[in-house]
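Okay, so here's the structure we're looking at.
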Amino acid sequence: MPLLDDYLSPQAQQAVIAGLFLSAGWWVVALQNRRRDAKLRVDRVDDMQRALLAEVRAHVVSLERQMREGNYEALLDRIAQGDTALIMQHGGNDRIFKAVLPEIHLLPGSVIDPVVIYYRLIAVMDAMADSIRRTARASADRAGEMMLDYILLSEETREAGLDVLEILTASLKGGDAQVQAMLESQQEAAVQQIRQNLSQELGEMRDRLNRRSSDRSGL
13 MPLLDDYLSP QAQQAVIAGL FLSAGWWVVA LQNRRRDAKL RVDRVDDMQR ALLAEVRAHV
73 VSLERQMREG NYEALLDRIA QGDTALIMQH GGNDRIFKAV LPEIHLLPGS VIDPVVIYYR
133 LIAVMDAMAD SIRRTARASA DRAGEMMLDY ILLSEETREA GLDVLEILTA SLKGGDAQVQ
193 AMLESQQEAA VQQIRQNLSQ ELGEMRDRLN RRSSDRSGL
(Lines of atoms letter the chains of each structure in order from A and count residues from 1; the text may use other names and numbers.)
(Lines give C-alpha, C1' and ligand atoms only; values in the text may rest on other atoms or scores of the structure.)
Protein backbone atom coordinates (compact mmCIF):
# COMPACT_ATOMS: atom_id res chain seq x y z
CA MET A 1 0.00 0.00 0.00
CA PRO A 2 1.83 3.13 -1.24
CA LEU A 3 0.25 5.41 1.38
CA LEU A 4 1.68 3.29 4.19
CA ASP A 5 5.10 2.66 2.66
CA ASP A 6 6.56 5.65 4.50
CA TYR A 7 5.30 4.33 7.85
CA LEU A 8 5.21 0.53 7.69
CA SER A 9 7.27 -2.11 6.02
CA PRO A 10 5.53 -4.44 3.55
CA GLN A 11 5.60 -7.21 6.15
CA ALA A 12 3.92 -4.96 8.73
CA GLN A 13 1.31 -3.89 6.21
CA GLN A 14 0.50 -7.54 5.47
CA ALA A 15 0.13 -8.18 9.20
CA VAL A 16 -2.27 -5.24 9.57
CA ILE A 17 -4.37 -6.39 6.63
CA ALA A 18 -4.44 -9.95 7.95
CA GLY A 19 -5.51 -8.65 11.37
CA LEU A 20 -8.34 -6.63 9.82
CA PHE A 21 -9.61 -9.65 7.92
CA LEU A 22 -9.38 -11.76 11.07
CA SER A 23 -11.34 -9.19 13.12
CA ALA A 24 -13.98 -8.96 10.41
CA GLY A 25 -14.22 -12.73 10.41
CA TRP A 26 -14.81 -12.78 14.15
CA TRP A 27 -17.64 -10.27 13.80
CA VAL A 28 -19.23 -12.27 11.00
CA VAL A 29 -19.03 -15.50 13.00
CA ALA A 30 -20.41 -13.81 16.11
CA LEU A 31 -23.33 -12.38 14.12
CA GLN A 32 -24.06 -15.76 12.56
CA ASN A 33 -23.97 -17.44 15.97
CA ARG A 34 -26.31 -14.81 17.38
CA ARG A 35 -28.77 -15.31 14.54
CA ARG A 36 -28.54 -19.07 14.92
CA ASP A 37 -29.17 -18.88 18.69
CA ALA A 38 -32.13 -16.56 18.13
CA LYS A 39 -33.59 -18.97 15.57
CA LEU A 40 -33.10 -21.92 17.90
CA ARG A 41 -34.79 -20.00 20.73
CA VAL A 42 -37.78 -19.15 18.54
CA ASP A 43 -38.06 -22.78 17.42
CA ARG A 44 -37.82 -23.97 21.02
CA VAL A 45 -40.53 -21.58 22.18
CA ASP A 46 -42.81 -22.66 19.33
CA ASP A 47 -42.24 -26.33 20.15
CA MET A 48 -43.06 -25.70 23.81
CA GLN A 49 -46.25 -23.85 22.94
CA ARG A 50 -47.41 -26.52 20.48
CA ALA A 51 -46.80 -29.25 23.06
CA LEU A 52 -48.71 -27.33 25.74
CA LEU A 53 -51.50 -26.62 23.27
CA ALA A 54 -51.93 -30.34 22.58
CA GLU A 55 -51.91 -31.26 26.29
CA VAL A 56 -54.38 -28.56 27.29
CA ARG A 57 -56.69 -29.35 24.36
CA ALA A 58 -56.81 -33.04 25.34
CA HIS A 59 -57.79 -32.21 28.92
CA VAL A 60 -60.41 -29.62 27.92
CA VAL A 61 -62.01 -32.17 25.60
CA SER A 62 -62.02 -34.68 28.48
CA LEU A 63 -63.73 -32.20 30.81
CA GLU A 64 -66.36 -31.36 28.21
CA ARG A 65 -67.04 -35.04 27.59
CA GLN A 66 -67.51 -35.70 31.31
CA MET A 67 -70.01 -32.85 31.59
CA ARG A 68 -71.84 -33.89 28.44
CA GLU A 69 -72.13 -37.54 29.47
CA GLY A 70 -73.33 -36.70 32.97
CA ASN A 71 -70.51 -38.46 34.79
CA TYR A 72 -70.66 -35.98 37.66
CA GLU A 73 -74.35 -36.63 38.23
CA ALA A 74 -73.67 -40.37 38.33
CA LEU A 75 -70.98 -39.85 40.95
CA LEU A 76 -73.37 -37.78 43.07
CA ASP A 77 -75.93 -40.60 42.92
CA ARG A 78 -73.33 -43.17 43.96
CA ILE A 79 -72.23 -41.04 46.89
CA ALA A 80 -75.84 -40.55 48.04
CA GLN A 81 -76.33 -44.34 47.95
CA GLY A 82 -73.32 -44.85 50.21
CA ASP A 83 -71.01 -46.23 47.53
CA THR A 84 -67.54 -45.90 49.04
CA ALA A 85 -65.74 -47.43 46.04
CA LEU A 86 -65.56 -43.99 44.50
CA ILE A 87 -63.61 -43.74 41.28
CA MET A 88 -62.89 -40.37 39.73
CA GLN A 89 -61.00 -39.74 36.54
CA HIS A 90 -57.57 -38.16 36.93
CA GLY A 91 -57.91 -34.39 36.64
CA GLY A 92 -55.38 -33.94 33.86
CA ASN A 93 -52.05 -34.89 32.41
CA ASP A 94 -49.35 -32.33 33.24
CA ARG A 95 -46.25 -34.20 32.06
CA ILE A 96 -45.51 -31.72 29.28
CA PHE A 97 -45.98 -28.77 31.63
CA LYS A 98 -43.56 -30.29 34.13
CA ALA A 99 -41.07 -30.95 31.34
CA VAL A 100 -41.09 -27.33 30.10
CA LEU A 101 -41.36 -25.75 33.54
CA PRO A 102 -37.56 -25.13 33.88
CA GLU A 103 -37.71 -23.12 30.64
CA ILE A 104 -41.11 -21.52 31.06
CA HIS A 105 -39.46 -18.10 31.30
CA LEU A 106 -38.77 -18.38 27.57
CA LEU A 107 -42.47 -18.16 26.78
CA PRO A 108 -44.05 -14.78 26.00
CA GLY A 109 -45.14 -12.95 29.14
CA SER A 110 -48.78 -12.94 28.06
CA VAL A 111 -48.71 -16.75 27.85
CA ILE A 112 -47.01 -17.64 31.13
CA ASP A 113 -49.65 -16.48 33.63
CA PRO A 114 -52.69 -18.16 31.99
CA VAL A 115 -50.76 -21.42 31.53
CA VAL A 116 -49.55 -21.49 35.15
CA ILE A 117 -53.03 -20.64 36.48
CA TYR A 118 -54.59 -23.40 34.39
CA TYR A 119 -52.21 -26.08 35.61
CA ARG A 120 -52.63 -24.83 39.17
CA LEU A 121 -56.37 -25.46 38.83
CA ILE A 122 -55.63 -28.99 37.63
CA ALA A 123 -53.51 -29.60 40.73
CA VAL A 124 -56.35 -28.32 42.95
CA MET A 125 -58.80 -30.62 41.12
CA ASP A 126 -56.59 -33.64 41.76
CA ALA A 127 -56.19 -32.76 45.44
CA MET A 128 -59.95 -32.28 45.82
CA ALA A 129 -60.66 -35.59 44.09
CA ASP A 130 -58.41 -37.41 46.55
CA SER A 131 -60.14 -35.64 49.43
CA ILE A 132 -63.57 -36.66 48.13
CA ARG A 133 -62.51 -40.31 47.90
CA ARG A 134 -61.36 -40.28 51.52
CA THR A 135 -64.43 -38.41 52.76
CA ALA A 136 -66.88 -40.68 50.93
CA ARG A 137 -65.90 -43.60 53.18
CA ALA A 138 -66.90 -41.71 56.33
CA SER A 139 -69.63 -39.25 55.26
CA ALA A 140 -71.64 -39.53 52.06
CA ASP A 141 -73.38 -36.21 52.72
CA ARG A 142 -70.12 -34.33 53.15
CA ALA A 143 -68.63 -36.01 50.07
CA GLY A 144 -71.71 -34.96 48.08
CA GLU A 145 -71.23 -31.33 49.10
CA MET A 146 -67.57 -31.53 48.13
CA MET A 147 -68.52 -33.09 44.81
CA LEU A 148 -70.64 -30.05 43.99
CA ASP A 149 -67.59 -27.87 44.60
CA TYR A 150 -65.58 -30.22 42.41
CA ILE A 151 -68.06 -29.80 39.55
CA LEU A 152 -67.85 -26.02 39.82
CA LEU A 153 -64.06 -26.22 39.88
CA SER A 154 -64.13 -28.45 36.79
CA GLU A 155 -66.15 -25.83 34.94
CA GLU A 156 -63.73 -23.10 36.03
CA THR A 157 -60.80 -25.23 34.86
CA ARG A 158 -62.48 -25.85 31.53
CA GLU A 159 -63.00 -22.11 31.00
CA ALA A 160 -59.37 -21.44 31.94
CA GLY A 161 -58.29 -24.15 29.51
CA LEU A 162 -60.28 -22.57 26.69
CA ASP A 163 -58.59 -19.24 27.43
CA VAL A 164 -55.17 -20.91 27.30
CA LEU A 165 -56.02 -22.52 23.95
CA GLU A 166 -56.94 -19.14 22.47
CA ILE A 167 -53.82 -17.46 23.85
CA LEU A 168 -51.43 -20.20 22.71
CA THR A 169 -53.01 -20.25 19.25
CA ALA A 170 -52.70 -16.48 18.92
CA SER A 171 -49.11 -16.57 20.16
CA LEU A 172 -48.13 -19.22 17.63
CA LYS A 173 -49.69 -17.18 14.84
CA GLY A 174 -48.22 -13.78 15.65
CA GLY A 175 -46.38 -13.78 18.95
CA ASP A 176 -47.06 -11.47 21.86
CA ALA A 177 -48.47 -8.74 19.60
CA GLN A 178 -51.15 -11.11 18.32
CA VAL A 179 -52.05 -12.13 21.88
CA GLN A 180 -52.38 -8.52 22.98
CA ALA A 181 -54.57 -7.71 19.97
CA MET A 182 -56.81 -10.68 20.79
CA LEU A 183 -57.10 -9.69 24.46
CA GLU A 184 -57.93 -6.10 23.52
CA SER A 185 -60.60 -7.35 21.12
CA GLN A 186 -62.09 -9.55 23.83
CA GLN A 187 -62.06 -6.65 26.28
CA GLU A 188 -63.85 -4.39 23.81
CA ALA A 189 -66.46 -7.10 23.18
CA ALA A 190 -66.96 -7.53 26.94
CA VAL A 191 -67.41 -3.77 27.40
CA GLN A 192 -69.96 -3.68 24.59
CA GLN A 193 -71.83 -6.58 26.16
CA ILE A 194 -71.87 -4.85 29.54
CA ARG A 195 -73.18 -1.66 27.95
CA GLN A 196 -75.86 -3.58 26.11
CA ASN A 197 -76.94 -5.45 29.24
CA LEU A 198 -76.88 -2.26 31.28
CA SER A 199 -79.05 -0.47 28.71
CA GLN A 200 -81.52 -3.34 28.76
CA GLU A 201 -81.59 -3.45 32.56
CA LEU A 202 -82.13 0.30 32.77
CA GLY A 203 -84.97 0.01 30.26
CA GLU A 204 -86.61 -2.73 32.30
CA MET A 205 -86.17 -0.65 35.46
CA ARG A 206 -87.86 2.34 33.80
CA ASP A 207 -90.75 0.14 32.72
CA ARG A 208 -91.21 -1.15 36.27
CA LEU A 209 -91.08 2.36 37.69
CA ASN A 210 -93.59 3.58 35.10
CA ARG A 211 -95.95 0.71 35.91
CA ARG A 212 -95.71 1.48 39.61
CA SER A 213 -96.41 5.15 38.95
CA SER A 214 -99.40 4.22 36.79
CA ASP A 215 -100.74 1.85 39.43
CA ARG A 216 -100.44 4.50 42.12
CA SER A 217 -102.06 7.18 39.98
CA GLY A 218 -104.98 4.89 39.30
CA LEU A 219 -105.72 4.38 42.98
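Residue numbers for the sequence shown follow the working numbering, so the first one is 13 and each next one is one higher. Glycine included, each C-beta is placed from N, C-alpha and C at the ideal position. Predicted, not measured: the structure shown is a model, and the values here were computed from it.
Distance, residue j Cα to residue i Cα
i: Met-79; j: Asp-106; result: 21 Å
i: Asp-258; j: Glu-115; result: With the chain covering only 13 through 231, there is no way to say anything about residue 258.
i: Leu-165; j: Leu-177; result: 18 Å
i: Gly-121; j: Ala-92; result: 45 Å
i: Leu-174; j: Leu-180; result: 10 Å
i: Asp-59; j: Arg-149; result: 44 Å
i: Val-57; j: Leu-118; result: 7 Å
i: Asp-188; j: Asp-161; result: 35 Å
i: Ser-143; j: Arg-154; result: 11 Å
i: Ala-66; j: Val-191; result: 18 Å
i: Ala-111; j: Leu-75; result: 23 Å
i: Leu-133; j: Ser-183; result: 22 Å
Residue i, enclosing alpha helix (DSSP H) - first and last residue
i: Ser-143; result: 121-150
Where residue i sits in the DSSP three-state scheme
i: Gln-93; result: coil
i: Asp-106; result: coil
Where residue i falls, given that 16 or more other Cβ within 10 Å makes a residue buried
i: Gly-186; result: exposed
i: Glu-85; result: exposed
i: Glu-167; result: exposed
i: Arg-170; result: buried
i: His-71; result: buried
i: Ile-124; result: exposed
i: Ile-129; result: exposed
i: Val-68; result: buried
i: Ala-135; result: exposed
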